[in-house]
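Under the UniProt record's numbering, the sequence shown has 193 at position 193, and the numbering climbs by one with no breaks.
Glycine included, each C-beta is placed from N, C-alpha and C at the ideal position.
For reference, the structure is listed below as structure tokens.
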Amino acid sequence: MRRIIIADNQDLTRAGWIYLINKSGINSQVEETQTKKELISLCGQFPDALVILDYALFDFERIQELIFLQEKYPKTDWIVASDELSEDAVRTLLFNSGKFSVLLKDSPAEDFMSAFKQAMKGERYISSFITNLLLEASKQKQANQPRNILTATEQEILKEMALGKSTREIAVLRHASMHTIMTHRKNIFRKIEVNNVHEATKYAMKAGLIDLAEYYI
Numbered sequence: 001m002r003r004i005i006i007a008d009n010q011d012l013t014r015a016g017w018i019y020l021i022n023k024s025g026i027n028s029q030v031e032e033t034q035t036k037k038e039l040i041s042l043c044g045q046f047p048d049a050l051v052i053l054d055y056a057l058f059d060f061e062r063i064q065e066l067i068f069l070q071e072k073y074p075k076t077d078w079i080v081a082s083d084e085l086s087e088d089a090v091r092t093l094l095f096n097s098g099k100f101s102v103l104l105k106d107s108p109a110e111d112f113m114s115a116f117k118q119a120m121k122g123e124r125y126i127s128s129f130i131t132n133l134l135l136e137a138s139k140q141k142q143a144n145q146p147r148n149i150l151t152a153t154e155q156e157i158l159k160e161m162a163l164g165k166s167t168r169e170i171a172v173l174r175h176a177s178m179h180t181i182m183t184h185r186k187n188i189f190r191k192i193e194v195n196n197v198h199e200a201t202k203y204a205m206k207a208g209l210i211d212l213a214e215y216y217i
């Protein structure tokens, strides 16, 4: 019989989870806690438990604390259900471990049941809202980046220019004539609509062709 730890400070939410667990017909035993200290103790007592947690209501200083706790007890599975989950927190949880299911507290009842059943089998559940949240965030990040309007060769030359190499140095590196590099340079400036190397360098950083660490080496 698997233990289920419900870690939530709201009486109504805990009662809702208990109702759902009973309704599922899955044989289990429930432990309840309202403090982080007690949650950690219960994980130690039942290291293969399913933990149902409202992260926002517990005094975790950062999401990594939760990941470390799961790593300490690797057989635990987790359902993180909360009203307040940032995109960064969700991404950190999902990308660091396959043991976390994530959903919002205002999700449909069938989402809660699906999350519970999958987590009890050691499988991850991600609600459709959370999936859409990550997709929209990814689209927004892509939209904020400059379009890739340069050829591969032009990108390489722009990177060398941004790192401070002269036309002659780039020509030697690429085994090309200075005339060829000058032609590429003109085409690059025209395509990205800049007039000098300083502006081209800012474009290269924004486009991700170089990063600040590389630039300042």
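*Is the beta carbon of L42 sitting closer than 9 Å to the one on I5?*
Their beta carbons are under 9 Å apart, which means L42 touches I5 by this criterion.
*Going by DSSP, name the residue or residues bridged to Q29.*
DSSP, once it has assigned bridges, lists R3 as partnering Q29.
*Between the beta-carbon of I192 and the beta-carbon of L158, is there less than 9 Å?*
It is a contact, given that the beta carbons lie within the stated cut-off.
*So L42 is in the alpha helix (DSSP H); what residue range does that whole segment cover?*
Segment 36-45, the alpha helix (DSSP H) holding L42.
*Using alpha carbons as the reference points, say which of T13, I26, T183, I18 lies closest to K121.*
Distance from the Cα of K121 is smallest, within the candidate group T13, I26, T183, I18, for I26.
*With DSSP as the reference, label Y215 as helix, strand or coil.*
In this predicted model, Y215 has a pLDDT of only 48, less than 50, meaning its place in the structure is not dependable enough to derive any value.
*How is S101 classed by DSSP in three states: helix, strand or coil?*
Strand, per DSSP.
_Integer-rounded CB distance, given that L69 should sit under 8 Å from L85_ = Contact between L85 and L69 is ruled out by a C-beta separation of about 17 Å, above the 8 Å threshold.
*asked:* Please state the DSSP three-state secondary structure of V194.
replied: Three-state result, V194: coil.
*Segment contact, 8 Å Cβ cut-off, at least three pairs: the segment 151-169 with the segment 199-208*: By the Cβ criterion, the segment 151-169 is in contact with the segment 199-208, since at least three pairs of Cβ atoms, one from each stretch, lie closer than 8 Å.
*Take E110 and list the residues in its own chain whose beta-carbon comes closer than 8 Å to its own, dropping the five residues that flank it on each side.*
So the list is empty, once near-sequence residues are dropped.
*Helix, strand or coil: how does DSSP classify D77 here?*
DSSP places D77 in strand when its eight states are reduced to three.
*Member of S114, F95, N195 whose CA lies at the smallest distance from the CA of A81*: Nearest of S114, F95, N195 to A81, Cα basis: S114.
*Out of D8, K117, T131, T13, which has the shortest C-alpha to C-alpha gap to T33?*
Sorting D8, K117, T131, T13 by C-alpha distance to the C-alpha of T33 places D8 at the top.
*How would you call Y19, buried or exposed, if buried means at least 16 neighbouring beta carbons within 10 angstroms?*
It counts as exposed.
*Pull up the CB-CB distance for Y73 and S101, whole angstroms please, since I reckon it's below 8 Å.*
No, Y73 and S101 are not in contact; Cβ-Cβ is about 16 Å, not under 8 Å.
*Return the CA-CA distance between S166 and Q155, expressed in angstroms with no decimal places.*
Roughly 15 Å separates the two Cα atoms.
*asked:* Spatial neighbours of F129 within its chain, please: C-beta separation below 7 Å, excluding the five flanking residues on both sides.
replied: Residues of the same chain with a CB within less than 7 Å of the CB of F129, apart from the 5 flanking positions on each side, are L104, S107 in chain order.
*asked:* So for L150, helix, strand or coil by DSSP?
replied: Here L150 sits in coil by DSSP.
*Using the Cα positions of H198 and F189, report the straight-line distance between them to the nearest angstrom.*
Approximately 11 Å, taken between the alpha carbons.
*asked:* Out of K117, R91, D88, L93, which one is the CA nearest neighbour of residue 238?
replied: Summary: the structure shown does not reach residue 238, with the chain confined to residues 1 through 217, and so no result is reported for it.
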